[in-house]
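Undergrad: Each protein sequence line maps, in turn, to chains A and B. Counted from 1, the first sequence has number 41 at position 42 by numbering that gives the first Met the number 0; the numbering is strictly sequential. Counted from 1, the second sequence has number 195 at position 196 by numbering that gives the first Met the number 0; the numbering is strictly sequential. From the three backbone atoms N, C-alpha and C, an ideal C-beta is built for every residue, glycine too. None of these values were measured; they are calculated from a predicted model. Structure in structure tokens, see below.
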Amino acid sequence: MYYVLVACSAGMSTSMLVQKIENEAVEKQIDLSIQAVSMNEGKTLARKNNYDLLLLGPQVAFMKESMVEVAAGRFPVRVIKQKDYGMMRADNVLEDILEVVEGNEE
Amino acid sequence: MNRIANKLAEWLMPVANKFSNQRHLSSVKEGFITIIPLVIVASFFILINNVILDPEDGILGGVVDLSYYKEIGDLINNGTLGILSILIAFTVAYKLAVSYNEDGVISGAMAVAVLITMLPNVIQITPEGSEEAVNVTGVFSQDDTSATGLIFAIIAALLGTEVFLRLKSKKKLQIKMPDSVPPAVGKSFSALIPAFLTLTFFAILVFLSNALFGFGLQELVSKLIQAPLDFAIQSEIGISVIMFVQNLLWSLGIHGTFVLGPIKDPSLYGAIQENINALQAGADIPNIVTKPFVDSFAMLGGGGFTLGLMIAILIASRRKDYREVTKFAFIPGLFNINEPLMFGLPVILNPILAIPLIIVPIVNLNIAYLATSLGLISKTVAFIPWTTPPVLSAFLSTAGDWRAAVLSIILIGISVIIYLPFVMAANKMTNIEH
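Structural data, given as structure tokens:
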């Protein structure tokens with residue numbers, strides 16, 4: 000099971016994307032637990048728990064550095080690609096997630 | 000042009016980051032977010048009381064006298080907006096303490112104690128049928144505990160928490176309990192001396208202020224800080240500047256609303272709560288610029304008034320990619336969520352669309368301001384969530400003023416007209432993103 004946390008400012012648009020990713024994962028029979036939260040909640044959760052990956056919406060990309068600090072090397076932090084986010088391309092994002100969590104990232 | 004935008008974004012990213020991470024600003028923002036549900040509940044009952052039950056203006060007012068039932072809403076108002084400042088003191092202190100990895104509950108309780116310590120302990124009341132005011136002790140005035148005392152409550156919470164936590168971190172000030180004492184008991188004793196010192200400090204401060212100036216710190220803060228701050232943010236120019244910066248940030252791909260929230264929100268939330276209180280009291284509504292005002296007239300479809308952009312694209316765009324994204328982004332856009340549009344088109348880092356993105360909200364905000372100050376539409380008096388769909392948001396936030404709903408339709412029309420030429424210009428752009 001992979002645990003992925005996705006954060007944007009209020010967790011609104013991110014939750015749309017996350018729902019799509021969940022469906023995509025079920026279809027592809029990938030064991031994935033993915034959750035959309037607000038930035039503030041994300042910070043608290045990331046401090047307490049361990050994840051396989053923390054994803055940020057592109058609109059809060061400017062906070063990546065501080066999230067990397069929170070993660071403190073326990074898990075990677077990535078920003079979702081703008082185009083994939085805008086078009087809600089769950090398949091592409093899922094592919095990127097798997098690349099990171101399975102350690103095949105270039 | 001694109002290079003300039005990229006450079007600007009590169010330079011603004013760390014600034015935005017610093018800003019969003021500033022501990023005190025974020026605690027204030029989070030403290031407000033925490034109690035929004037209570038404010039919305041209160042707003043709901045005030046709408047019912049004034050729009051439906053009121054014997055004069057209410058929809059049912061002419062039919063049956065239901066004013067008897069207004070008490071339900073009044074009670075809820077006492078429990079929420081009536082003590083808003085106290086609630087805020089707790090939540091802000093709680094969030095600040097948690098950001099230091101400290102116990103939030105004791106810090107929140109301390110902040111409330113500090114705030115009440117600094118409120119006037121004697122209140123002047125003129126009894127009915129009497130000419131002279133009498134001094135009353137042992138009561139709190141809603142002038143101090145409701146929205147009007149917000150800024151003071153925030154300052155009290157931030158200062159109180161800072162002082163308390165600083166003292167608490169000093170090993171020398173902690174009472175050591177023997178090992179046989181349960182840790183939970185020991186923990187509350189470790190806060191004893193810091194709590195003693197914190198409260199004494201603030202009480203002496205108020206005592207001195209009273210002795211020297213003849214009034215408490217609260218009056219000082221409201222004159223020196225709150226009044227100028229509210230004036231800057233709630234004025235037509237002030238809010239226009241904020242909208243400019245907010246949408247400039249958006250055009251660079253930075254969530255402008257999120258970054259600027261901590262600066263503008265306390266004042267804008269305070270403004271709507273003052274309006275709500277005034278409506279409740281049957282007084283003149285004081286403020287034009289409030290949180291729901293900005294949400295209902297300047298951010299339809301999301302930051303940048305992108306509802307107009309979507310309609311303009313559906314009317315005039317010959318680009319297949321634009322039409323596809325818009326169809327897909329339309330439904331979330333109706334709830335003012337526009338990230339799919341911002342990043343899908345994309346609007347961000349798009350030198351052509353950046354211009355209307357910045358202009359449209361400012362133009363519409365000023366039109367709505369003018370319409371309100373001329374009395375063409377009512378002032379906002381209800382707190383609605385920012386995800387309330389356009390037109391409906393204007394109708395609800397003005398307590399059911401249909402003219403406000405019409406105005407928001409007009410504003411959508413204006414936004415379409417401003418966006419149209421830029422959408423047509425985008426038709427001519429070669430599709431570089433693909």
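Give a yes or no on whether the minimum CB-CB distance between B/G252 and chain A is below 8 Å.
TA: The sequence position of residue 252 of chain B within the second sequence is 253, counting from 1. Yes, B/G252 counts as interfacial toward chain A.
Undergrad: Taking 8 Å as the threshold (C-beta atoms), are A/G56 and B/E70 in contact?
TA: Taking the first residue of the second sequence as 1, we reach residue 70 of chain B at position 71. Taking the first residue of the first sequence as 1, we reach residue 56 of chain A at position 57. Cβ atoms of B/E70 and A/G56: not closer than 8 Å.
Undergrad: Are B/A110 and B/A156 touching if we call contact CB-CB under 8 Å?
TA: Along the second sequence, one-based indexing puts residue 110 of chain B at 111. Along the second sequence, one-based indexing puts residue 156 of chain B at 157. Yes, the pair counts as a contact, with Cβ atoms nearer than the cut-off.
Undergrad: To the nearest angstrom, how far is it from the Cα of B/E131 to the Cα of B/I383?
TA: Walking along the second sequence from the start, residue 131 of chain B turns up at place 132. Walking along the second sequence from the start, residue 383 of chain B turns up at place 384. Rounded to whole angstroms, B/E131 to B/I383 spans 41 Å at the Cα level.
Undergrad: As a quick exercise: from B/N77, B/L74, B/S106, B/D73, pick the residue whose alpha carbon is nearest that of B/F89.
TA: Reading the second sequence from its first residue, position 90 is the one you call residue 89 of chain B. Ranking B/N77, B/L74, B/S106, B/D73 by Cα distance to B/F89 puts B/S106 first.
Undergrad: Can you list the alpha helix (DSSP H) stretches of 4 or more residues lying completely in the segment 237-298 of chain B, in chain order?
TA: The segment 237-298 of chain B contains these whole alpha helix (DSSP H) runs: 255-280, 290-296.
Undergrad: Got a sec? Which residues, its chain only, sit under 8 Å from A/V100 by beta carbon, not counting five neighbours each side?
TA: Position 101 of the first sequence, counted from the first residue, corresponds to residue 100 of chain A. The answer, listed in chain order, is Y1, V3, D51, L52.
Undergrad: Between the alpha carbons of A/A6 and A/E40, how many angstroms are there, rounded?
TA: As a working mapping, residue 6 of chain A is identified with position 7 in the first sequence. As a working mapping, residue 40 of chain A is identified with position 41 in the first sequence. So the alpha carbons of these two residues sit roughly 8 Å apart.
Undergrad: Using CA atoms only, rank isn't needed, just tell me which of B/N209, B/K263, B/L158 is closest to B/D229.
TA: Here the question's residue 229 of chain B lines up with position 230 in the second sequence. With distances taken between Cα atoms, B/D229 lies closest to B/K263.
Undergrad: Is the CB of A/S65 under 8 Å away from at least one CB in chain B?
TA: The sequence position of residue 65 of chain A within the first sequence is 66, counting from 1. Chain B, which has a Cβ nearer than 8 Å to the Cβ of A/S65, makes this yes.
Undergrad: Just checking: is the beta-carbon of A/Q58 within a distance shorter than 8 Å of some beta-carbon in chain B?
TA: As a first step, residue 58 of chain A must be located in the first sequence, where it is residue number 59. Yes, its Cβ sits closer than 8 Å to a Cβ of chain B.
Undergrad: Given B/I241, which residues of its chain have a CB within under 8 Å of its CB, disregarding the five upstream and five downstream residues?
TA: Indexing the second sequence from 1 puts residue 241 of chain B at position 242. Excluding residues within five positions, the ones whose Cβ falls inside 8 Å are I232, L259, I262, K263.
Undergrad: What is the DSSP secondary structure of B/N76, reduced to helix, strand or coil?
TA: Position 77 of the second sequence holds residue 76 of chain B. Note: B/N76 maps to helix in three-state DSSP.
Undergrad: What span of residues does the alpha helix (DSSP H) with B/A183 cover, start to end?
TA: Residue 183 of chain B sits at position 184 when you count from the first residue of the second sequence. 182-189 is the span of the alpha helix (DSSP H), which, as asked, contains B/A183.
Undergrad: Does the beta carbon of B/E218 sit closer than 8 Å to a beta carbon anywhere in chain A?
TA: For the purposes of this step, residue 218 of chain B is taken as residue 219 along the second sequence, with counting starting at 1. No, no contact with chain A.
Undergrad: Quick check on the burial criterion: 16 or more other C-beta atoms within 10 angstroms. Buried or exposed for B/Q123?
TA: Within the second sequence, residue 123 of chain B is the residue found at index 124, counting from 1. With fewer than 16 Cβ atoms within 10 Å of its Cβ, B/Q123 is classed as exposed.
Undergrad: Can you give me, in chain order, the residues of the segment 77-104 of chain A that have a beta carbon less than 8 Å from any beta carbon in chain B?
TA: So the close ones are Q81, K82, Y84, G85, M86, M87.
Undergrad: Following the continuous alpha helix (DSSP H) through B/N100, name the residue where it begins and the one where it ends.
TA: Numbered from its first residue, the second sequence carries residue 100 of chain B at position 101. B/N100 -> no alpha helix (DSSP H), and no H or E assigned at all.
Undergrad: Please report the residue range of the alpha helix (DSSP H) in which B/L395 lies.
TA: Locating residue 395 of chain B in the second sequence gives position 396, where the first residue counts as 1. Per DSSP, B/L395 belongs to the alpha helix (DSSP H) from 391-396.
Undergrad: Would you say A/N49 faces chain B, with C-beta separation under 8 Å as the test?
TA: Working through the first sequence from its first residue, we reach residue 49 of chain A at position 50. Not one chain B Cβ lies under 8 Å of A/N49.
Undergrad: Would you report the Cα separation of B/R2 and B/P350, rounded to the nearest angstrom?
TA: Translated into positions along the second sequence, residue 2 of chain B becomes position 3. Translated into positions along the second sequence, residue 350 of chain B becomes position 351. Between B/R2 and B/P350, the C-alpha separation is close to 10 Å.
Undergrad: In the DSSP assignment, find the beta strand (DSSP E) that holds A/R77 and state where it starts and stops.
TA: As a position in the first sequence, residue 77 of chain A is number 78, starting the count at 1. Per DSSP, A/R77 belongs to the beta strand (DSSP E) from 76-78.
Undergrad: Measuring CA to CA, which of B/Q21, B/D53, B/R402, B/P119 is closest to B/L204?
TA: Numbered from its first residue, the second sequence carries residue 204 of chain B at position 205. Per the Cα distances, B/P119.
Undergrad: Assuming B/A393 contacts B/A404 under a Cβ cut-off of 8 Å, what Cβ separation, rounded to an integer in Å, is found between them?
TA: Along the second sequence, one-based indexing puts residue 393 of chain B at 394. Along the second sequence, one-based indexing puts residue 404 of chain B at 405. About 5 Å separates the two Cβ atoms, so the contact holds.
Undergrad: Taking the alpha carbon of B/W10 as the point to measure from, which residue in B/N49, B/G252, B/I85, B/I115 has its own alpha carbon closest?
TA: Along the second sequence, read from residue 1 onward, the residue named residue 10 of chain B stands at position 11. The residue with the shortest Cα to Cα distance from B/W10 is B/G252.
Undergrad: Excluding the 5 residues flanking B/W385 on each side, which residues of the same chain have their C-beta closer than 7 Å to its C-beta?
TA: Residue numbering aside, residue 385 of chain B sits at position 386 when the second sequence is read from its first letter. Counting only Cβ-Cβ distances below 7 Å, and skipping sequence neighbours, we find D294, N335.
Undergrad: What does DSSP give as the partner residues of A/Y2 in its beta bridges?
TA: Your numbering for residue 2 of chain A matches position 3 in the first sequence. Paired residue(s): A/S32.
Undergrad: Using the three-state DSSP reduction, which class does A/S14 fall into: helix, strand or coil?
TA: On the first sequence, position 15 is the one that residue 14 of chain A refers to. If DSSP states are grouped into helix, strand and coil, A/S14 belongs with the helices.
Undergrad: With three or more C-beta pairs closer than 8 Å as the rule, is the segment 58-68 of chain A touching the segment 309-317 of chain B?
TA: These segments do not touch.
Undergrad: Less than 8 Å between the CB atoms is what I'm expecting for B/I287 and B/T199, so what's the real figure, rounded?
TA: Working through the second sequence from its first residue, we reach residue 287 of chain B at position 288. Working through the second sequence from its first residue, we reach residue 199 of chain B at position 200. 43 Å between Cβ atoms; not a contact.
Undergrad: When you compare each of B/G302, B/L340, B/Y418 to B/I354 by their alpha carbons, which one comes out closest?
TA: Residue mapping note: residue 354 of chain B aligns to position 355 of the second sequence, counting from 1. With distances taken between Cα atoms, B/I354 lies closest to B/Y418.
Undergrad: Counting only the same chain and skipping the five closest in sequence on each side, list residues whose C-beta sits under 8 Å from that of B/N430.
TA: Taking the first residue of the second sequence as 1, we reach residue 430 of chain B at position 431. Interpretation of B/N430 is limited by its pLDDT of 49, a score under 50 that renders its predicted location unreliable; no figure is taken from the coordinates.
Undergrad: Run through the segment 328-363 of chain B for me and flag every whole alpha helix (DSSP H) of 4 or more residues, listed as ranges in chain order.
TA: The segment 328-363 of chain B contains these whole alpha helix (DSSP H) runs: 338-343.
Undergrad: What residues from the segment 340-363 of chain B come within 8 Å of chain A, judged by C-beta to C-beta, listed N to C?
TA: Of all residues in the segment 340-363 of chain B, L340, M341, F342, G343, L344, P345, I347 have a Cβ within less than 8 Å of some Cβ in chain A.
Undergrad: Which term fits B/L207, buried or exposed, when burial requires 16 or more other beta carbons within 10 angstroms of its beta carbon?
TA: Here the question's residue 207 of chain B lines up with position 208 in the second sequence. The residue in question, B/L207, is exposed, as its Cβ has fewer than 16 Cβ neighbours within 10 Å.
Undergrad: Using a Cβ cut-off of 7 Å, pull out every chain A residue sitting near B/I336, in sequence order please.
TA: Position 337 of the second sequence, counted from the first residue, corresponds to residue 336 of chain B. In chain order: M11, S12.
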